[in-house]
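If you read the sequence shown in numbering that gives the first Met the number 0, its first letter stands for residue 0, the second for the next number, and so on.
Beta carbons are placed, not taken as given, at the ideal position from N, Cα and C, and that holds for glycine.
Note that the structure is a prediction, hence the values are computed from the model and not measured.
See structure below.
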Amino acid sequence: MCGRYALIAPPEAVRLAFGYPESPNFPPRYNIAPTQPVPVVVARDGQRHFVLMRWGFLPGWVKDMKDFPLVINVRSETVREKPSFRAAFTRRRCLMPADGFYEWHRMGKDSSAYLFRRPDCAPFAFAAIWETWQSADGSELDTVALLNSHANGLMSAIHERCPVLVQPKDADRWLDPETSAAEAAKMLQPPGDDELEMIRISSLVNKVANDCADVQVPWSQAKTAPQAAPGLPAAPVVKRKAATAASGTDQGSLF
0 MCGRYALIAP PEAVRLAFGY PESPNFPPRY NIAPTQPVPV VVARDGQRHF VLMRWGFLPG
60 WVKDMKDFPL VINVRSETVR EKPSFRAAFT RRRCLMPADG FYEWHRMGKD SSAYLFRRPD
120 CAPFAFAAIW ETWQSADGSE LDTVALLNSH ANGLMSAIHE RCPVLVQPKD ADRWLDPETS
180 AAEAAKMLQP PGDDELEMIR ISSLVNKVAN DCADVQVPWS QAKTAPQAAP GLPAAPVVKR
240 KAATAASGTD QGSLF
């Protein structure tokens, strides 16, 4: 299950990758966490649009968000069956732009953190569903959750689940509400083993307040490296282009 992710590419690069007309200006985010506002791409009137939503799905029938568990991941195997998600999967599918996500390998009381990203560090899209929730006072909140599947061969070394990534060739069909739930379900596959790389990182990512470039420094280069989980591959060192590696702790007003 994916509980943290990153989007550090420049806004214009994300806009070009996802093809929406808006020009939002947002800072690099190295440690995006549940309940925070997150970028989402939806389809309206046949066109893609950039919106912000709360990462934490709330079905429309929920009266008080405090009475409903925080849902940030939905199992792809049952999303068409569960009443809480069925309608959203049928009519409100979306994309969550990202260029990295994190997972932990737990060994008893100890855990090691790993970054997963494309070898070329380009943005990709989580498959996701969204819903507009209305509170008792009439205010509305758009909420979103990503979909996961069984782990691919790469991720299975540390976790049994893996986020579903929507391939660029499938994005329009995924977003189109006219695409049937049965057809959309065929796209719910884990990424190929060569689609992502796995990089061991330090425990800095464990704290939400650590939203800076240091979070993604390989474990072997970190100033304080936690004990590594045994039997896992050494982390490759991949340098990101300077244009996408700018760091900053001031997150700006958008987030």
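Going straight from the alpha carbon of residue i to that of residue j, what length do you get?
{"i": "residue 152", "j": "residue 117", "result": "15 Å"}
{"i": "residue 136", "j": "residue 51", "result": "21 Å"}
{"i": "residue 121", "j": "residue 4", "result": "14 Å"}
{"i": "residue 76", "j": "residue 102", "result": "20 Å"}
{"i": "residue 175", "j": "residue 42", "result": "7 Å"}
With DSSP as the reference, label residue i as helix, strand or coil.
{"i": "residue 61", "result": "coil"}
{"i": "residue 9", "result": "coil"}
{"i": "residue 229", "result": "Legend: pLDDT at residue 229 = 37, less than 50; position of this residue unreliable, no value from coordinates given."}
{"i": "residue 25", "result": "coil"}
{"i": "residue 14", "result": "helix"}
{"i": "residue 141", "result": "strand"}
Starting from residue i, follow the beta strand (DSSP E) in both directions and report where the run begins and ends.
{"i": "residue 43", "result": "36–43"}
{"i": "residue 88", "result": "Residue 88 -> not in any beta strand (DSSP E); alpha helix (DSSP H) instead, spanning 85–90."}
{"i": "residue 114", "result": "109–116"}
{"i": "residue 101", "result": "99–106"}
Problem set entry | Stretch pair the stretch 178–188 + the stretch 87–106: three plus CB contacts closer than 8 Å | With three or more CB-CB distances shorter than 8 Å, the stretch 178–188 counts as touching the stretch 87–106.
Exercise. Where in the stretch 147–227 do unbroken runs of the beta strand (DSSP E), each at least 3 residues long, occur, reported from the N-terminal end onward?
Worked result: With a minimum length of 3 residues, the continuous beta strand (DSSP E) runs that stay inside the stretch 147–227 are 160–162, 196–200.
Problem set entry | Sufficient close CB pairs (3 or more, under 8 Å) joining the stretch 188–203 to the stretch 159–174 | Because the criterion of three Cβ pairs below 8 Å is met, the stretch 188–203 and the stretch 159–174 touch.
For this session: Mind the definition here: the stretch 51–67 touches the stretch 125–144 only if three or more C-beta pairs lie below 8 Å; say whether that holds.
Result: Note that the stretch 51–67 touches the stretch 125–144; at least 3 beta-carbon pairs, one per stretch, sit closer than 8 Å.
Exercise. On the three-pair Cβ rule with 8 Å, is the stretch 194–204 touching the stretch 12–22?
Worked result: Taking a cut-off of 8 Å on C-beta distances, the stretch 194–204 does not touch the stretch 12–22, as fewer than three cross pairs fall below it.
Problem set entry | Three-pair Cβ contact test at 8 Å for the stretch 105–119 versus the stretch 136–146 | Taking 8 Å as the limit for Cβ pairs, the verdict is that the stretch 136–146 does not touch the stretch 105–119.
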